[in-house]
Amino acid sequence: MTDGNQALKKAGLKVTLPRVKILELMQEPDNQHISAEDLYKKLLDLGEEIGLATVYRVLNQFDDAGILHRHHFESGKAVFEMSTQKHHDHLVCLTCDKVIEFSDEIIEKRQDEIAMRHNIKLTHHSLYLYGRCTNDECDHADE
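Set out below in structure tokens:
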């Protein structure tokens, strides 16, 4: 049994071809922070006949099961990434929607200190920083 099949069974989900194909694609590093529509296009490019409604349904099931994390960045559309990654925060370009993951021990420590000062025990958190690319690498820098 593959790791993907085990992950599905552990989450209480039946192993189906659409779930396996979507999970395989989501496990690829280039497919982190991907929308349902972009994932659907990748499936089409691979010759997979999985409908867009099925992609949405499977992504929602994976999010509910804790296999994926859903993010709502400023672009207005939900994007997904594997939940098995180590905790990180996100920088998001408002021009090209590029997402950069980062970790910073000082930021993490300050968040804990602030929560303690306000008598809050953190269980989880998300930090999104928004801005614009300042170099020529931005896909839409001329717009």
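All residue numbers for the sequence shown refer to the working numbering, where the first residue is 2 and numbers rise by one.
Ideal placement from N, C-alpha and C gives every residue a C-beta, glycine not left out.
For clarity, every value in this text was computed on a predicted model and none was experimentally measured.
Contact with chain C by D64, beta-carbon distance below 8 Å: The question asks about chain C, but that chain is absent: this structure has only one protein chain.
Beta strand (DSSP E) segments (min. 3 residues) lying fully within the region 26-81: 69-73
Assigned exposure category for E82 - 16 Cβ within 10 Å defines buried: Classification for E82: buried.
Where V21 falls: helix, strand or coil (DSSP): helix
Span of the beta strand (DSSP E), counted from its first residue to its last, around I121: Careful: I121 lies outside any beta strand (DSSP E) and carries neither H nor E.
Residues bridged to G132 [DSSP beta-bridge criterion]: C94
Where E102 sits in the DSSP three-state scheme: If DSSP states are grouped into helix, strand and coil, E102 belongs with the strands.
8 Å contact criterion, which S76 and D90 should meet: CB distance rounded: Their Cβ separation, rounded to whole angstroms, is 17 Å, which puts S76 and D90 out of contact at 8 Å.
I115, buried or exposed, once every other Cβ within 10 Å from all chains shown has been counted against 16: exposed
Contact under 8 Å by Cβ, L128 with I108: yes
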